[in-house]
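**Q** Quick note: the sequence shown uses my numbering, first residue 209, plus one each step.
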Amino acid sequence: MNIKGLLLFLFIPVTLVLFLLFPFGVLISVLLGLGIMFFHRLIARPYMKYYHAKKCLWCNAPFKNASSLKINVEEGKNVQEFNSCSEKCKRGVQNFFRFTGAYRHMIKWGILIPLAGYLVIALLVSFEILALDMQWVKNSFKAIIAILVVSVSFFYRVGGAAELVFPLPVHNLLLLGIRNTLWIFRIVGIWWLITVGKDVIELLA
Ligand SMILES: [Zn+2]
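(1) How do the region 245–254 and the region 378–393 stand: do at least 3 beta-carbon pairs fall below 8 Å, yes or no?
(2) My guess is that residue 350 and residue 404 are in contact by the Cβ rule of under 8 Å, so how many angstroms apart are they, rounded?
(3) Give me whichever residues DSSP pairs with residue 292 in a beta bridge.
(4) Under 8 Å by Cβ, that's how I've got residue 277 and residue 263 pegged, so tell me the actual separation to the nearest angstrom.
(5) Using a Cβ-based criterion (distance less than 7 Å to any ligand heavy atom), does residue 391 qualify as near ligand 1?
(6) Under the rule that 16 or more other beta-carbon atoms within 10 Å means buried, what is residue 383, buried or exposed?
(7) Using CA atoms only, rank isn't needed, just tell me which of 229, 265, 213 is closest to residue 347.
(8) Measuring only from the beta carbon, is residue 261 closer than 7 Å to any heavy atom that is part of ligand 1?
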């Protein structure tokens, strides 16, 4: 396990805790979370530039020798080179980015719009400009994100686009490798859907 990658990945759950539990109040927690998102990039980009040739993007295994299977991924206007340790891992990476390439707009805006909307609503509710039950604002946000990431984690195998594209910051996928990242999002997403489902059942009961 690459400890630096694990530590950099932990900033993602920390940001989610800030946005969902507001441990320092809504305004400070949201500002801290946005600050982490911004500064995380300043460390995670150099991490990607250093490690993209040193470990497998799919299974996270470090390379024992320099020979590896290269993969180029489009991220906005950039093309980033990654490597995989076997043909099997290369296929996993290609299927994943072909799928995210085919559904790039849905994936990008399906995450960014609910996130921005949720944060704006949370701030308006905290300033008493809007009167909404925050539990249901949180549940709506969690349900949308969970449906999206759980769907990607199961359906990426079908591929789609001819080109390999990722519509969000691609460095986050190298921190733990795509395979581990998909497992984490699959488990957390299903857990979120169960907790939201429980709240819906309680409301209807
Ligand atoms: Zn591999």
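Just so it is clear, CB atoms sit at the ideal spot from N, CA and C, and this is done for glycine as well.
**A** Let's see:
(1) Three or more Cβ pairs closer than 8 Å define a contact, and the region 245–254 meets that threshold against the region 378–393.
(2) Mapped onto the sequence shown, residue 350 falls at position 142. Mapped onto the sequence shown, residue 404 falls at position 196. At roughly 6 Å, the Cβ-Cβ gap stays under 8 Å, so residue 350 and residue 404 are in contact.
(3) As a first step, residue 292 must be located in the sequence shown, where it is residue number 84. Residue 292 pairs with 277.
(4) Position 69 of the sequence shown, counting from 1, holds the residue named residue 277. Position 55 of the sequence shown, counting from 1, holds the residue named residue 263. Contact between residue 277 and residue 263 does not hold, since their C-beta atoms are separated by about 13 Å, which reaches or exceeds 8 Å.
(5) Stepping through the sequence shown from its first residue, residue 391 is reached at position 183. Not so, every heavy atom of ligand 1 lies at least 7 Å from the Cβ.
(6) Residue numbering aside, residue 383 sits at position 175 when the sequence shown is read from its first letter. Answer is buried; the Cβ neighbour count reaches 16.
(7) Working through the sequence shown from its first residue, we reach residue 347 at position 139. When each option's Cα is compared against that of residue 347, the closest is 229.
(8) Counting from one through the sequence shown, the residue named residue 261 turns up at place 53. Not so, every heavy atom of ligand 1 lies at least 7 Å from the Cβ.
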